[in-house]
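A short write-up of the structure that comes next.
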Amino acid sequence: MPHRLTTLRRYKISNDVLILILEKLDPNTLYTTCKVFGRVYELVMGFQHLRYKFELAMAGMKDGTPSYYSKPLSLRLQLLLAYRENWPKLRWAQEQKVLIPAAATLVNVCGGFLYHVGGQTLDLMELPSLRTGRVPGQTKHIRFDTAPRADCVVIDPMQSLIVTSHTFGGLGSQVALRLKIRNLWTFEKHPHAASHTYECHTQVAQPVTKTSMVVCGYKMTVSLEFLGGTVKHLLIDWRTFQAMWLEEQDVHFLSPKSLLTVGYSRRGAPSMKLYNIGDLNRTTIEREYELPSIWAGSELRFSHNATPTPDVQLSRDGLFHLDPSTRVLNLTVKGGLKQSTLHWLFIKETYFRPASRADQRYVSWGHWSQACLGKDLVASEIIGVPRVIGSRIVYLESDSGSGRRISIIDFAMPANHPGSSPRTWSLIGPRARLTPNESSRSIPPSATGHRAEGICASEDNIIVMFVSFAFLDFIDKWMIR
Numbered sequence: 001m002p003h004r005l006t007t008l009r010r011y012k013i014s015n016d017v018l019i020l021i022l023e024k025l026d027p028n029t030l031y032t033t034c035k036v037f038g039r040v041y042e043l044v045m046g047f048q049h050l051r052y053k054f055e056l057a058m059a060g061m062k063d064g065t066p067s068y069y070s071k072p073l074s075l076r077l078q079l080l081l082a083y084r085e086n087w088p089k090l091r092w093a094q095e096q097k098v099l100i101p102a103a104a105t106l107v108n109v110c111g112g113f114l115y116h117v118g119g120q121t122l123d124l125m126e127l128p129s130l131r132t133g134r135v136p137g138q139t140k141h142i143r144f145d146t147a148p149r150a151d152c153v154v155i156d157p158m159q160s161l162i163v164t165s166h167t168f169g170g171l172g173s174q175v176a177l178r179l180k181i182r183n184l185w186t187f188e189k190h191p192h193a194a195s196h197t198y199e200c201h202t203q204v205a206q207p208v209t210k211t212s213m214v215v216c217g218y219k220m221t222v223s224l225e226f227l228g229g230t231v232k233h234l235l236i237d238w239r240t241f242q243a244m245w246l247e248e249q250d251v252h253f254l255s256p257k258s259l260l261t262v263g264y265s266r267r268g269a270p271s272m273k274l275y276n277i278g279d280l281n282r283t284t285i286e287r288e289y290e291l292p293s294i295w296a297g298s299e300l301r302f303s304h305n306a307t308p309t310p311d312v313q314l315s316r317d318g319l320f321h322l323d324p325s326t327r328v329l330n331l332t333v334k335g336g337l338k339q340s341t342l343h344w345l346f347i348k349e350t351y352f353r354p355a356s357r358a359d360q361r362y363v364s365w366g367h368w369s370q371a372c373l374g375k376d377l378v379a380s381e382i383i384g385v386p387r388v389i390g391s392r393i394v395y396l397e398s399d400s401g402s403g404r405r406i407s408i409i410d411f412a413m414p415a416n417h418p419g420s421s422p423r424t425w426s427l428i429g430p431r432a433r434l435t436p437n438e439s440s441r442s443i444p445p446s447a448t449g450h451r452a453e454g455i456c457a458s459e460d461n462i463i464v465m466f467v468s469f470a471f472l473d474f475i476d477k478w479m480i481r
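See below:
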């Protein structure tokens, strides 16, 4: 009687068939497949169109729009490799200095523009980018009369939107807020806005010390810090002017329908709350995240992420762009029991989701801290605030030995260029899914002798601010030739 055995046969897929399968995979799936199968990796490295998708995942990027597919694949791959290689190493080849009048009251970067306010005039200078084919000689320079002087400016070129804010004395000595919601290119009324101007009262009589604004799709926030420490945030749909006030330490968009806040309860316990803001007439708190009690009394601030959220329309004029799903949240904890220490908390934004069950609405710090990374720094050594671009954090720090230097923490997967980590990470969660890659570079010799006061960043540029001679040093850091 014949002996029967279970037979397992494996058939080798030909390279031609395997290539057809790999072409159907998205960049992240292709990257994961390459990690598991050595044969797939070798095959991908031999074909430019497959390697391009692989390198997109490595850099935390997404491909551009179909209008850019006509660009030679070799050029797109070359630029992508330069972008991925040089960002973590802070390597650049071009520097440009821009003189800013000493009378300028506001200088910042937003939406791919460097802008400054002087009197009632707003000047916009478009930043160059090889990723979009915008060389320095082709950038736009725009000037508007904002009368009265703008306290803050926010720009969204994808929606041709620019908003300026102005605070003034209103009824009963309370501060009033005026927003001008305009077309970016003409400064006329934006076609989607209900009116060219929105005004409201803040119910606070103390002077405003700082104003900041963020746009996320059709929603925007206006954050006002008043003398004495009061902080209020206006959350508004800039099309319909539906609006509400929030009194929290800070707010951060996860999407046009989801907002994260950080602040204190009535008992003084710090926490973060996840709001559903799809309808501003019916906002709800979907989840609350406990923060360490040792942070009670500290100043809690989010760092705005310069890249769009996943639900917002992306740029149409780039060969490639940062993948919104890789965005990292940065929370800065300052003061409290350790006045000399600055604590940075990092976590992937995709972690924050509504609870599937009612008993999961409150998340303890012991649970969700496992998905976080924490870093302690000396507060006096950090100049300005950190800037977040997708999964990268750029900041300016002082060093007693080398003066000022630009530093970066790159969480793009994987850590391809491990740099030195002079400071110990105080928290490494076992489920963090973040691998930090740190590096630093001294301020360029061309800026020696000038006092660095702050730093700004976009997907393509790092801008270091100097005030000694009232100019900015602009660095297009990935234009490698």
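Counted the way UniProt numbering counts, the sequence shown spans residues 1 to 481. Positions of the beta carbon are idealized from the N, C-alpha and C atoms, including for glycine.
Membership of Pro88 in the alpha helix (DSSP H) is indicated by the continuous run Leu73 to Lys89. Where His321 is concerned, there is no enclosing alpha helix (DSSP H), although the beta strand (DSSP E) around it starts and stops at Phe320 to Leu322. Of Thr309, Thr211, Gln242 and Val231, the smallest CA-CA separation from Leu259 is found for Thr309. Assignment of Arg433 by DSSP, reduced to helix, strand and coil, places it in the coil class. Rounded to whole angstroms, the separation of the alpha carbons of Gly111 and Arg51 is 30 Å. Taking each of Phe411, His49 and Ile383 in turn and checking the Cα distance to Arg405, the smallest one comes out for Ile383. Straight-line spacing of the CA atoms in Leu22 and Gly390 works out to 27 Å. Annotated three-state conformation of Gln360 is helix, per DSSP. Taking 8 Å as the cut-off, the beta carbon of Val215 is found closer than this to the beta carbon of Leu161. Two segments are said to touch when three or more pairs of C-beta atoms, one from each, lie closer than 8 Å; by this definition the region 340-348 does not touch the region 270-285. DSSP, read as helix, strand or coil, puts Pro128 in coil. For Trp92, the secondary structure class from DSSP, reduced to helix, strand or coil, is coil. Per DSSP, the continuous alpha helix (DSSP H) segment holding Cys34 begins and ends at Pro27 to Val36. For Asn15, the enclosing alpha helix (DSSP H) covers residues Asn15 to Leu22. When rounded, the separation of the alpha-carbon atoms in Pro207 and Phe226 is 6 Å. The C-alpha of Asp250 lies about 42 Å from the C-alpha of Lys71. Nearest neighbour of Val163 by Cα position, chosen from Ser129, Glu126, Ser212 and Val135, turns out to be Ser212.
For Gly366, the enclosing alpha helix (DSSP H) has its first and last residue at Trp365 to Trp368.
The secondary-structure analysis by DSSP pairs Leu50 with nothing; it has no beta-bridge partner. Ala355 has its alpha-carbon roughly 31 Å from the corresponding atom of Thr230. Collapsing the DSSP output to three states places Ile443 in coil. Cβ neighbours of Lys210 within its own chain (closer than 7 Å, five residues either side excluded): Glu225. Counting C-beta atoms within 10 angstroms of its own C-beta, Val154 has 16 or more neighbours from the protein chains shown and is therefore classed as buried. Annotated as distal: Thr146 and Val175, with beta-carbon spacing of 8 Å or more.
According to DSSP, Gly119 shares a beta bridge with no other residue. When DSSP states are grouped into helix, strand and coil, Leu114 belongs to the strand group. If you draw a 10 Å sphere on the C-beta of Ala412, you find 16 or more other C-beta atoms in it, and that means buried. According to the DSSP assignment, Val204 belongs to no beta strand (DSSP E), since it is labelled neither H nor E. Separation of the CB atoms of Ser298 and Lys375 is rounded to 15 Å, and the pair is thereby denied contact status at 8 Å. Closest in C-alpha terms to Asp279, from the list Asp410, Tyr218, Ala82 and Leu79, comes Tyr218. The Cβ atoms of His321 and Glu453 do not sit closer than 8 Å to each other.
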